[in-house]
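Visitor: The sequence shown finishes on residue 279 if you use my numbering, and the numbering steps up by one all the way, no holes.
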Amino acid sequence: MELNLAGKAVVVTGGANNIGRGIALAFAAEKARVLIADIDEERAERVASEAGGAEVAVQRTDVSSWESTQSMAARAVELFGRIDVLVNCAGGTIDRLFLEKPREEWEREVAINFWGFINCSRAVLDPMVEQRSGAVVSLSSDAGRMGEWRETVYSGTKAGIIAMSKSLAREMGSKGIRFNVVCPGFTPGKRDAGGDFGEGSMWSGKQGEQFPEELLEKIAKSYPLRRLGTPEDIAPAVLFLASEAASYITGQTLSVSGGYTMM
Ligand SMILES: NC(=O)c1ccc[n+]([C@@H]2O[C@H](COP(=O)([O-])OP(=O)(O)OC[C@H]3O[C@@H](n4cnc5c(N)ncnc54)[C@H](O)[C@@H]3O)[C@@H](O)[C@H]2O)c1
C-alpha cells in the first residue's frame, strides 16, 4: 500500500516524547516534512536530530494557548507553504481518584487535552480550507471511549476529542478535510540513555512514579495481546489515517490497544 506521504507538510504536537516522538519519526521516515510543536523545545530538537537528515523543524508551542498555536500554524505555512496534516498528540493526565484530585490538575488536563485540540485544529483550518484538503488525526484514549477509574476528567476531555472530531468531520468533509481519532491503550514512556523522561512528559512526574515495572507487567497480562503498547504500535495507524490511502475515511475512532477495548 502506498501512503504517498513524501513531501507532505505535517505538524505533530507533543512530538518531543514517547508517542508523539514515534509519530514524528515515522512521518520523517516516509520523507514527510515535519514541524514538531512542543512545549519542550530542547527535547524536540533532540528528536529532530534523530530523523536521519529528514526535514524536521521545531517550534516551541503551548497547545493550551491560542496565540502560541496561531504562531505554530503560521510557522508551518512559512516553512512548507501549506499544512497537509495535523497530529494532535500533546496531552496527558495524572491518574488520581476524582475525590482526591486537586482542581489545578483538572484544569491542566482540560487546558492541554480539550483546549489543545480546539486551538490547534482551528489554527490549521484556514490554510487547509484554502487548499481544500487536509487531514487531522488526534490522539484520544480508550479512557475516552469507555471511561477509566482515576481518569475522570481526562476521560471527559478525550471523549470530547472524539465528539469534536466527528462534528468537524461533518462540517469539513465538503472542503476536503478529514478528522479521525486514534486511541492508544497503556503505552508507558521510556527513559532515554541519560535515564530521563522528557521534562514535559507526564511520565517524568507523578504519573510515571505510579507505575513501577511489576505493575506494568500485571497490566499487560490483562490485555488480550498480553503486552502494553509502544509508540511504534501507534504510529502506523496515525500515518494511515493521515494518508491518501484513507481518503474515504473520516469521523472514525480506532483503538490501537492490544484488544483492551473492542468497541
Ligand atoms: N501513553 C499512554 O499510555 C496513552 C494512552 C492513551 C492515550 N494517550 C495519549 O497519547 C498522547 C501522547 O501520550 P504520551 O504518553 O506520549 O505523553 P507524554 O506525556 O510522554 O508526551 C506528551 C508530550 O506533550 C508535550 N506537552 C505537554 N504539555 C504541552 C503543551 N501545553 N503544549 C505543547 N506540548 C505539550 C510534552 O512536552 C511531551 O513531549 C496524549 O494525548 C495522551 O493523552 C497516551
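Yeah, the Cβ is synthetic: ideal placement off N, Cα and C, and Gly gets one too.
(1) Please list, in chain order, all residues of the same chain as Ser154 whose beta carbon is under 7 Å from its beta carbon, the five residues on each side excluded.
(2) Inspect the CB distances between the segment 211-219 and the segment 154-172 and report whether three or more fall short of 8 Å.
(3) Sort out for me which residues DSSP pairs Gly36 with in a bridge.
(4) What separation, rounded to the nearest whole angstrom, lies between the Cα atoms of Ala48 and Ala253?
(5) For Arg62, does the three-state DSSP call read helix, strand or coil?
(6) Flag this pair as yes or no: are the beta carbons of Glu46 and Ala22 separated by less than 8 Å?
(7) If you measure between the beta carbons of Met218 and Ile110, is that distance less than 8 Å?
(8) Under 6 Å Cβ to Cβ from Glu71, same chain only, skipping five residues before and after it: list those, please.
(9) Is the beta carbon of Val140 less than 8 Å from the beta carbon of Ile99?
(10) What number of angstroms, rounded off, separates the C-alpha of Ala92 from the C-alpha of Lys234?
(11) Can you tell which of Gly38, Thr277 and Pro228 has its C-alpha closest to the C-alpha of Leu241?
(12) Which partner residues does Gln147 have in the DSSP bridge list?
(13) Following the continuous beta strand (DSSP E) through Leu270, name the residue where it begins and the one where it ends.
(14) Less than 7 Å separating the Cβ of Gly108 from some heavy atom of ligand 1?
(15) Near Arg243, which residues of its chain fall below 8 Å by C-beta distance, leaving aside the five closest residues on each side in sequence?
(16) Quick one, are the C-beta atoms of Ala251 and Ala53 less than 8 Å apart?
(17) Where does the unbroken beta strand (DSSP E) through Gln75 begin, and where does it stop?
(18) Is any non-hydrogen atom of ligand 1 found closer than 7 Å to the C-beta of Ser65, if you look at the structure I gave you?
(19) Measuring alpha carbon to alpha carbon, tell me which residue in Gly245, Trp165, Ile265 and Leu255 is nearest Ala25.
(20) Run the CB neighbour count on Arg119, radius 10 Å, all protein chains shown included, and call it buried at 16 or more, exposed below.
(21) Kindly list the residues whose CB is nearer than 6 Å to the CB of Gly160, restricted to its own chain and excluding five residues on each side of it in sequence; keep chain order.
(22) Can you tell me which of Glu94, Thr77, Phe96 and Glu66 puts its alpha carbon nearest to the alpha carbon of Gly107?
(23) Report the residue from Tyr264, Cys136 and Asn135 whose alpha carbon sits nearest the alpha carbon of Arg186.
(24) Taking C-beta to C-beta, are Gly267 and Phe195 nearer than 8 Å?
(25) Going by DSSP, name the residue or residues bridged to Thr29.
(26) Helix or strand or just coil, what does DSSP make of Asn16?
(27) Smallest Cα separation from Ser137: which of Gly150, Glu125 and Phe227?
Guide: A quick look at the data gives this:
(1) Numbered from 1 along the sequence shown, position 138 holds the residue referred to as residue 154. Cβ neighbours of Ser154 beyond the five flanking positions: Asn104, Phe133, Ile177, Ser181 and Val197.
(2) no
(3) Residue 36 sits at position 20 when you count from the first residue of the sequence shown. DSSP output for Gly36 lists no bridge partner at all.
(4) Taking the sequence shown and counting its residues from 1, one reaches residue 48 at position 32. Taking the sequence shown and counting its residues from 1, one reaches residue 253 at position 237. Each residue's alpha carbon lies about 16 Å from the other.
(5) Mapped onto the sequence shown, residue 62 falls at position 46. Arg62 falls in the helix class under three-state DSSP.
(6) Translated into positions along the sequence shown, residue 46 becomes position 30. Translated into positions along the sequence shown, residue 22 becomes position 6. Yes, these two residues count as a Cβ contact at 8 Å.
(7) Mapped onto the sequence shown, residue 218 falls at position 202. Mapped onto the sequence shown, residue 110 falls at position 94. Yes; because the gap between Cβ atoms is below 8 Å, this pair is in contact.
(8) Residue 71 sits at position 55 when you count from the first residue of the sequence shown. Excluding five sequence positions before and after Glu71, the CB atoms of its chain that fall closer than 6 Å to its own CB belong to Arg49, given in chain order.
(9) Translated into positions along the sequence shown, residue 140 becomes position 124. Translated into positions along the sequence shown, residue 99 becomes position 83. Cβ atoms of Val140 and Ile99: closer than 8 Å.
(10) Position 76 of the sequence shown, counted from the start, is the residue given in the question as residue 92. Position 218 of the sequence shown, counted from the start, is the residue given in the question as residue 234. One C-alpha to the other measures close to 42 Å.
(11) Residue numbering aside, residue 241 sits at position 225 when the sequence shown is read from its first letter. That would be Thr277, whose Cα lies nearest to the Cα of Leu241.
(12) Mapped onto the sequence shown, residue 147 falls at position 131. Paired residue(s): none; Gln147 is not in a bridge.
(13) Numbered from its first residue, the sequence shown carries residue 270 at position 254. Run containing Leu270: Thr269 to Val272, per the beta strand (DSSP E) assignment.
(14) Translated into the one-based positions of the sequence shown, residue 108 becomes position 92. Flag set: Cβ of Gly108 near ligand 1.
(15) As a position in the sequence shown, residue 243 is number 227, starting the count at 1. If we look at Arg243 and ignore the five residues flanking it on each side, its Cβ neighbours are Ala236 and Gly274.
(16) Counting from one through the sequence shown, the residue named residue 251 turns up at place 235. Counting from one through the sequence shown, the residue named residue 53 turns up at place 37. Not in contact: Ala251 and Ala53 (Cβ atoms no closer than 8 Å).
(17) Taking the sequence shown and counting its residues from 1, one reaches residue 75 at position 59. Looking at the DSSP string, the run of the beta strand (DSSP E) that includes Gln75 is Val72 to Arg76.
(18) The residue given as residue 65 occupies position 49 in the sequence shown. No, ligand 1 has no heavy atom inside 7 Å of this Cβ.
(19) Stepping through the sequence shown from its first residue, residue 25 is reached at position 9. When each option's Cα is compared against that of Ala25, the closest is Leu255.
(20) Along the sequence shown, read from residue 1 onward, the residue named residue 119 stands at position 103. By the 10 Å Cβ count, Arg119 comes out exposed.
(21) Within the sequence shown, residue 160 is the residue found at index 144, counting from 1. Here the set comprises Ser171, Lys174, Ala175 and Ile178.
(22) Start at 1 with the first residue of the sequence shown, and residue 107 comes out as number 91. Per the Cα distances, Thr77.
(23) Position 170 of the sequence shown, counted from the start, is the residue given in the question as residue 186. The shortest C-alpha separation from Arg186 is found at Tyr264.
(24) Taking the first residue of the sequence shown as position 1, residue 267 is located at position 251. Taking the first residue of the sequence shown as position 1, residue 195 is located at position 179. Yes.
(25) To locate residue 29, count along the sequence shown from 1; it is residue 13. Thr29 pairs with Ala53.
(26) The first residue shown for the chain is 17 and the last is 279, placing residue 16 beyond what the model contains.
(27) Your numbering for residue 137 matches position 121 in the sequence shown. Measuring from the Cα of Ser137, the nearest candidate turns out to be Gly150.
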